[in-house]
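In this note's numbering, the protein residues as written are 14 to 486.
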């Protein structure tokens, strides 16, 4: 494992209004000098239609989003959206492939409980363009207790210092909503600058819930996320109470929008896709080096800042699989996450290695980046799409070098063995993050913010940041 301080960086304070204005000016200059071979056509800035906490809207959301961590019963199952009949050409590679790309994804309904519908789309229909659409997914979580750090008992702010005094005024219009929280944008004037924070207001305590149980649920996420400091991790700043004694988690504000919105928008170049993927892997590698597994990796939980950094957020389902002084890992239990991204072993009801669950989810995210849709609605043998893939994986093992059709549709060709190892149905054979990062193809990927002269820019994130700067000006 990497050393505990691997990939670490200094904590960053809130984003300033001046930073956004400067970004808007510099990005207009960069857009004229960026090589056009890898960059899609730049569109006029628009405010995201999504209800992600990272990008506020000028009007109140018409319906709640699905971003906040859920403490639901976590029953498996969920409705699958209607599939698409179109077959656009994938965005990556020099030659078009036969893999499907769905229509522009629509918003997803919340994950349903038992008795949910199951689509019987065949693999043949899937390859002809009838695959499940990529839609926003709500996370689900079982009541089975996952092992958390014993820091749950640590004090997280007995002080009732006003949120207003420490982090400024929160906007009335929410920039994100979930089952357990509402997220607002906070403005704090510090001398001549105005700093911006994302403030998650947690729900009130339920009548059948003790104060101890309530506080434990709220602080579990904070106790993990507040110890994480990395360029690809959303910074957690504080846990305080507002003037109404409601608990609020203060976080870094990411004005570039989330990855789901960028995928939905479309037009990402191959270099953008690979850059995003490598940043996700780097963030996951840092988490695992700290003994933490996220367990809910999905595009909705990945956020852009103003500099092209893609950050992992929302640690409501995260778990500590190993404490600093321990040499062995703790297996996880319980079904958590969003159904299309959940690894097959989680559906078996047995203890599992949470690190390998993250690896599986990262593989699904890459597929979504490439095709703008999901490979299957659920990784269970009862689903014909996944069942066909699992059978093809067994066959490909016998042929050694072959990959299932789902993987063979990906490009570039060099990515196929990597994604094949990440989407290995047998967790015992799935590659750990260290092996994935060390692969020659991953090592060859250029990350925009590490280059003196980037070969690409994240167009959608720039547009969102510019739109945010205009709203604040």
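Glycine included, each C-beta is placed from N, C-alpha and C at the ideal position. The structure displayed is predicted, hence computed values, not measured ones.
Alpha helix (DSSP H) segments (min. 4 residues) lying fully within the segment 278-347: Under the rule that a run must span 4 or more residues, the alpha helix (DSSP H) segments found entirely inside the segment 278-347 read 283-302.
Candidates 216, 265, 360 and 200: closest to residue 348 by CA position: Looking up residue 348 in the chain shown gives position 335. Residue 360 is the option with its Cα nearest to residue 348.
Ordered list of alpha helix (DSSP H) runs contained in the segment 220-286, each at least 4 residues: Taking only runs of at least 4 residues, the alpha helix (DSSP H) segments lying wholly in the segment 220-286 are 224-238 and 272-278.
Residue 200: first and last residue of the uninterrupted alpha helix (DSSP H) it sits in: On the chain shown, residue 200 is found 187 positions in, with the first residue counted as 1. Per DSSP, residue 200 lies in no alpha helix (DSSP H); the unbroken beta strand (DSSP E) holding it starts and ends at 194-203.
Among 403, 383 and 263, the one whose alpha carbon lies nearest that of residue 391: Your numbering for residue 391 matches position 378 in the chain shown. Taking only the C-alpha atoms, the option nearest residue 391 is 403.
Pairwise C-alpha distance: residue 314 and residue 175: Reading the chain shown from its first residue, position 162 is the one you call residue 175. Reading the chain shown from its first residue, position 301 is the one you call residue 314. Whole-angstrom Cα-Cα distance: 28 Å.
Residue 290 versus residue 210: straight-line alpha-carbon distance, rounded: In the chain shown, the residue the question calls residue 290 occupies position 277. In the chain shown, the residue the question calls residue 210 occupies position 197. If you draw a straight line from the Cα of residue 290 to the Cα of residue 210, it is about 26 Å long.
Nearest candidate by alpha-carbon position, reference residue 352, set 384, 340 and 309: Taking the first residue of the chain shown as 1, we reach residue 352 at position 339. Closest option to residue 352, Cα to Cα, is 309.
Enclosing beta strand (DSSP E) for residue 210 [first to last residue]: Reading the chain shown from its first residue, position 197 is the one you call residue 210. Bounds of the beta strand (DSSP E) holding residue 210 are 206-215.
Helix, strand or coil at residue 447 [DSSP, three-state]: Here residue 447 refers to the residue found at position 434 of the chain shown. In this structure, residue 447 counts as helix in the three-state DSSP scheme.
Contact between the segment 451-458 and the segment 252-266 (3+ Cβ pairs under 8 Å): No: the two stretches stay apart, fewer than three of their Cβ pairs being nearer than 8 Å.
Bounding residues of the alpha helix (DSSP H) (the contiguous stretch that carries residue 431): For the purposes of this step, residue 431 is taken as the residue at position 418 of the chain shown. Residue 431 -> alpha helix (DSSP H) spans 429-435.
For residue 183: DSSP bridge partner residues: In the chain shown, counting from the first residue as 1, residue 183 sits at position 170. The bridge partners DSSP lists for residue 183 are 199.
Own chain, CB closer than 6 Å to residue 1, minus 5 neighbours either side, in chain order: No information on residue 1 is available, as it lies outside the stretch 14 to 486 that the chain covers here.
The alpha helix (DSSP H) enclosing residue 474, as first and last residue numbers: On the chain shown, residue 474 is found 461 positions in, with the first residue counted as 1. DSSP places residue 474 in the uninterrupted alpha helix (DSSP H) bounded by 472-485.
Opening and closing residue of the alpha helix (DSSP H) in which residue 384 lies: Taking the chain shown and counting its residues from 1, one reaches residue 384 at position 371. Where residue 384 is concerned, the enclosing alpha helix (DSSP H) starts and stops at 367-384.
With 16 other Cβ atoms within 10 Å as the buried cut-off, status of residue 386: For the purposes of this step, residue 386 is taken as the residue at position 373 of the chain shown. So residue 386 ends up on the buried side.
Residue 461 (DSSP reduced to helix, strand or coil): Along the chain shown, one-based indexing puts residue 461 at 448. Look at residue 461 here: in three-state DSSP terms it is helix.
Cβ-based burial, residue 451 [other Cβ within 10 Å; buried from 16]: For the purposes of this step, residue 451 is identified with residue 438 of the chain shown, where counting begins at 1. So residue 451 counts as exposed.
Reduced DSSP category for residue 175 - H, G, I as helix; E, B as strand; rest coil: For the purposes of this step, residue 175 is taken as the residue at position 162 of the chain shown. Strand.
Cα-Cα separation, residue 473 to residue 278: As a first step, residue 473 must be located in the chain shown, where it is residue number 460. As a first step, residue 278 must be located in the chain shown, where it is residue number 265. Each residue's alpha carbon lies about 8 Å from the other.
Assigned secondary structure, residue 363 (DSSP; H/G/I helix, E/B strand, else coil): Position 350 of the chain shown, counting from 1, holds the residue named residue 363. Here residue 363 sits in coil by DSSP.
Host alpha helix (DSSP H) of residue 418 (start-end): Residue 418 sits at position 405 when you count from the first residue of the chain shown. Residues 418-421.
Same chain, Cβ closer than 6 Å to residue 436, neighbours up to 5 away in sequence not counted: The residue labelled residue 436 in the question sits at position 423 within the chain shown. So the list reads 376, once near-sequence residues are dropped.
Exposure of residue 203, with buried meaning 16 or more beta-carbon neighbours within 10 Å: For the purposes of this step, residue 203 is taken as the residue at position 190 of the chain shown. The residue is exposed, with fewer than 16 neighbouring Cβ atoms inside 10 Å.
Nearest-angstrom beta carbon gap, residue 343 and residue 334 [assumed within contact, 8 Å]: Reading the chain shown from its first residue, position 321 is the one you call residue 334. Reading the chain shown from its first residue, position 330 is the one you call residue 343. That belief holds up - the Cβ atoms of residue 334 and residue 343 are roughly 5 Å apart, short of 8 Å.
Residue from 373, 346, 372 and 370 with nearest C-alpha to residue 362: By one-based count along the chain shown, residue 362 stands at place 349. Out of 373, 346, 372 and 370, the CA that lies nearest to the CA of residue 362 is found in 346.
Same chain, Cβ closer than 7 Å to residue 379, neighbours up to 5 away in sequence not counted: If you number the chain shown from 1, residue 379 lands on position 366. Apart from the 5 residues on each side of it in sequence, residue 379 sits with its Cβ closer than 7 Å to the Cβ of 290 and 432 in its chain, given in chain order.
Nearest candidate by alpha-carbon position, reference residue 383, set 322, 273 and 396: One-based indexing of the chain shown puts residue 383 at position 370. Selected option, being the one with the closest Cα: 273.
Which of helix, strand or coil DSSP assigns to residue 94: The residue you call residue 94 lines up with position 81 of the chain shown. The predicted model places residue 94 with a pLDDT of 41, which falls under 50 and marks its position as unreliable; any figure quoted below should be read in that light. In the three-state reduction of the DSSP assignment, residue 94 falls in the coil class.
Residues near residue 454 in its chain [Cβ-Cβ closer than 7 Å; skip 5 each side]: For this step, residue 454 is matched to residue 441 along the chain shown. 427, 428 and 431, listed in sequence order.
Proximity to residue 469 [Cα-Cα], best of 282, 212 and 388: For this step, residue 469 is matched to residue 456 along the chain shown. Sorting 282, 212 and 388 by C-alpha distance to the C-alpha of residue 469 places 282 at the top.
For residue 425, the nearest candidate out of 284, 218 and 222 (CA to CA): Working through the chain shown from its first residue, we reach residue 425 at position 412. Among 284, 218 and 222, the Cα nearest to that of residue 425 belongs to 284.
Exposed unless 16 or more other CB atoms sit within 10 angstroms - verdict on residue 230: Locating residue 230 in the chain shown gives position 217, counting from the first residue. Result: buried.
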